[in-house]
Amino acid sequence: SATRSCSRLCSPCIDMSAERPQNPVVCQHPSNLKCKRSQKINRSFQSSVEFSQQVFVHTSASPSFCSDEAEIVEAFLGEGGFGIVAKCRDTKTNQAVAIKVNKSRPDIRQQAIQEIFILEQLRRLAPDAANIVQWNGFFLDRERVCLKFELLDQCLWDYIRDPINRRLPISKVRPILGQLTNALSHLGSVGIVHADLKPGNIMVVNRHESPVKVRLIDFGLACPASAVIPGHRVGTVGYSAPEVMLGLPYNEAIDMWSLGLVAVELATGVPLYPGNEYYDVLKFIIETQGHKLHWKN
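Under the UniProt record's numbering, the residue at position 184 of the sequence shown is numbered 184, and the numbers go up by one with no gaps.
Shown next, in the form of structure tokens:
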């Protein structure tokens, strides 16, 4: 299919002197990315994002566009509210890559533009040193924004649900938390709040390595700390900080709250605060932390 550039997309995302996109999309109840084997991906879901073609061809002179390249789809890796993640083969380098194919819906497209803006900021960081996924640009396919990333092994959610990795000992939890703390420190150095830290947004580089190396992914809900909009509920319910659920002002500290919940899940094998509604999660928090919650502004 034909792929074309879009000045509306390029202007705010490529030109860093341009104003950040207004009214960023945030999800009150965003869908978890489901890390599934390709054969289990819902076929009707594929149809819903019009993902029928098996080859992406894209050409553009824009610096952040992947240029004069093509990707052959090999497998479907996961799905979420945004669209689908596919394993592809880069025909120019013969390397396997991960392509995040966003739905063409206007709100999802706007969120993809916001994610590109954040990924441009993160280019100042070295992926290996910062424990964040390597982003290799984007392209458009039939009005769908496609983001190109390095291909990693599996998400942490799948990793800790393998019986041999359930209830990890502290000796294995510690290096994972150290890497995630490092990732958040690097995000803080460029003023970015991730806003959706959870096992599904953490990738294991190679499950057979020891100690395990991890990288933070999915910056679809991330935003500059200076642009946080109080009252906008972001993230995934079971990992959201109380100030987010209550509609209070928040900052980078919400990522540390989420990291604490990830730490508990690594050690116990189950989420600390299960629930799909804010009321249920707040009830669990009050039962474990007490009625008085304090915030430092």
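The beta carbon of each residue, even a glycine, is placed where N, CA and C say it ideally should be. For clarity, every value in this text was computed on a predicted model and none was experimentally measured.
Inter-residue CB distance, residue i and residue j (contact presumed, cutoff 8 Å)
i: Val101; j: Gly83; result: 5 Å
i: Leu125; j: His186; result: 5 Å
i: Leu77; j: Ala86; result: 6 Å
i: Met245; j: Val281; result: 7 Å
i: Leu156; j: Val204; result: 6 Å
i: Ile254; j: Glu243; result: 7 Å
Sequence-distant residues of its chain with Cβ nearer than 6 Å to residue i (five each side left out)
i: Asn182; result: Asn131
i: residue 298; result: In this structure the chain extends from 1 to 297, so residue 298 is not present and cannot be described.
i: Gly178; result: none
i: Asn201; result: Ile217, Asp218
i: Glu287; result: none
i: Ala263; result: Leu177
i: Pro127; result: Gln134
Cutoff 7 Å; reference residue i; Cβ partners in own chain excluding five residues on either side
i: Leu266; result: Ile160, Leu168, Val173, Ile176
i: Phe284; result: Tyr273, Gly275
i: Arg207; result: Asp153, Gln154, Tyr159
i: Gly231; result: Gly247
i: residue 337; result: Lying before the first or after the last residue shown, residue 337 is absent from the chain, which here runs from 1 to 297.
Reference residue i, options the options, closest by Cα
i: Lys213; options: Ser258, Gly220, Ala129, Val244; result: Ala129
i: Leu147; options: Phe139, Ala227, Ile72; result: Phe139
i: Ala112; options: Gly188, Asp90, Gly191, Phe219; result: Phe219
i: Leu122; options: Ala86, Ser189, Thr93; result: Ser189
i: Trp135; options: Arg142, Phe117, Glu143; result: Phe117
i: Ala225; options: Gln289, Gln114, Gly191; result: Gly191
i: Glu277; options: Ala75, Arg109, Arg233; result: Arg233
i: Gln114; options: Leu221, Ala98, Gly200; result: Leu221
i: Pro199; options: Arg215, Ser210, Gly290; result: Arg215
i: Ile170; options: Met203, Leu184, Pro211; result: Pro211
i: Val73; options: Lys92, Ala96, Val204; result: Ala96
i: Asp107; options: Glu243, Val145, Cys223, Lys92; result: Val145
Close-in-space but distant-in-sequence residues of the same chain around residue i (CB under 8 Å, 5 per side omitted)
i: residue 298; result: The requested residue 298 is not part of the displayed model; the chain covers only 1 to 297.
i: Gly290; result: none
i: Ala98; result: Leu77, Val85, Ala86, Lys87, Cys88, Lys148, Phe149, Glu150, Leu151, Leu152
i: Leu259; result: Leu177, Leu180, Thr181, Leu184, Leu197
Requested in this report: Would you list, in sequence order, the uninterrupted alpha helix (DSSP H) runs of no fewer than 4 residues that lie entirely inside the region 162-226?
Outcome: 170-189
Query raised in the report: Are three or more beta carbon pairs between the region 264-282 and the region 232-248 nearer than 8 Å?
Result: yes
Query raised in the report: Just checking, does the region 246-255 make contact with the region 180-195 on the three C-beta pairs under 8 Å criterion?
Result: yes
Query raised in the report: Hey, which unbroken runs of the alpha helix (DSSP H) at 4 residues or more fall wholly within the region 56-142?
Result: 106-122, 127-130
Query raised in the report: Where are the alpha helix (DSSP H) runs, 4 residues long or more, that stay fully inside the region 222-273, in chain order?
Result: 242-245, 253-268
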